[in-house]
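Numbering (UniProt numbering), first residue to last: 1 to 252. Have a look at the structure below before the remarks.
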Ligand SMILES: *[C@@H]1O[C@H](CO)[C@@H](O)[C@H](O)[C@H]1NC(C)=O
Ligand SMILES: *[C@@H]1O[C@H](CO)[C@@H](O)[C@H](O)[C@H]1NC(C)=O
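Here it is, written out as C-alpha cells:
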C-alpha cells in the first residue's frame, strides 16, 4: 500500500510566513490607529463647507405623548443655620443653553425662553439645594429637571401667571452637582390657542450652600473630548515607531 505523500513545509519557511503575516497585520493596525488619531483632528482644522446640522432636536409636539408630571411643588425645609442663597441670573454665562434659547423680558426682568422640545440648559453648582424661578403661566411647558441622575418631570402650566419657584431640589449633599433641564413639550392643559406661544421662560436659579462649603456656585469646568495634546503626540510617536518597525521587519 503506497503511503500518501504529505508535503511538509520546511519549519523555517512556515515561521517566516507567520512572521510576515504578523508584520503586515501590525502595520495595518498601526496605520488604522494613526488614521483614527489624525482623522478627527484633521477634519477639525479644515472648516467643512457643508452646513452645520440643525441644532434643534425636532420632536413633533402634537404626536408625542409626554410623560406625566412627577413633580409637585413642596415648601423647602427650614434652611440650616449658616446656609446662604446665591441668585444666578438666567443670563449668567455659567448656564449653558442649547442653541434655540432667546433672551426675553418676562416677570419684570431678563429671562431666557425657548419653546422647542428637546432643547436643554445645564448648570453646574455646588450646594445643598437649588431653586428655579420661571414664568409659570398658561403658556408654561412640561420640562424635565435632572440632578445627580434623579429626574423630575415638571409642568409649568398655571391658569394665571405665577413668576417664582417652579421647581426645586433640596437635601442634596453640599457638593458639586449638575442640573440638566430639558424641554419636553407643551402641557396637556395648555389651551389650543396658546400652544403656539408655549415656552419655558427661566428668570433665575437660586443655589443654597452651607457655610462649611468652599463657597457659592462654581464655574463650570471646560469640557473637551479631545485628548491632551501631549498625549496625542505620545500616541502618534508610538504609532509611527510601530509602523517603522513593522515595515523594516518586512525587509529582513
Ligand atoms: C433660599 O431661597 C429659597 C427659595 O426662595 C427659600 O425657600 C429658602 O428659605 C432660602 N434659603 C436661605 C438660606 O435664605
Ligand atoms: C441633558 O439631557 C438631555 C436629555 O436627556 C441630553 O440629551 C443631554 O445630553 C443632557 N446634557 C447634559 C450636559 O447632561
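Each residue gets a CB set at the ideal place from its N, CA and C atoms; glycine is no exception. Values in this document were obtained by computation on a predicted structure and should not be read as measured data.
For residue i and residue j, what's the separation of their Cα atoms in angstroms?
i           : j           : result
residue 188 : residue 92  : 31 Å
residue 158 : residue 135 : 9 Å
residue 77  : residue 169 : 11 Å
residue 101 : residue 110 : 13 Å
residue 199 : residue 114 : 5 Å
residue 129 : residue 206 : 8 Å
residue 103 : residue 184 : 20 Å
residue 166 : residue 81  : 25 Å
residue 85  : residue 72  : 22 Å
residue 127 : residue 210 : 7 Å
residue 89  : residue 123 : 12 Å
residue 178 : residue 131 : 13 Å
residue 137 : residue 99  : 23 Å
residue 68  : residue 150 : 16 Å
Opposite residue i in the DSSP bridges: which residues?
i           : result
residue 126 : 176
residue 184 : Answer is none; residue 184 lacks a bridge partner.
residue 151 : 146
residue 131 : 168 and 206
residue 97  : 121
residue 92  : In DSSP, residue 92 forms no bridge with anything.
Does DSSP classify residue i as helix, strand or coil?
i           : result
residue 204 : strand
residue 102 : strand
residue 197 : helix
residue 156 : coil
residue 137 : strand
residue 162 : strand
residue 74  : coil
residue 79  : coil
residue 69  : coil
residue 192 : helix
residue 211 : coil
residue 58  : In this prediction, residue 58 has a pLDDT of 47, which is less than 50 and means its spatial position is unreliable; nothing more can be read from the coordinates.
So is the beta-carbon of residue i under 6 Å away from any non-hydrogen atom of ligand 4?
i           : result
residue 157 : Ligands in the displayed structure: ligand 1 and ligand 2; ligand 4 is not one of them.
So residue i is in the beta strand (DSSP E); what residue range does that whole segment cover?
i           : result
residue 255 : This structure does not reach residue 255, given that the chain is present from 1 up to 252, and the question cannot be answered.
residue 110 : 110-114
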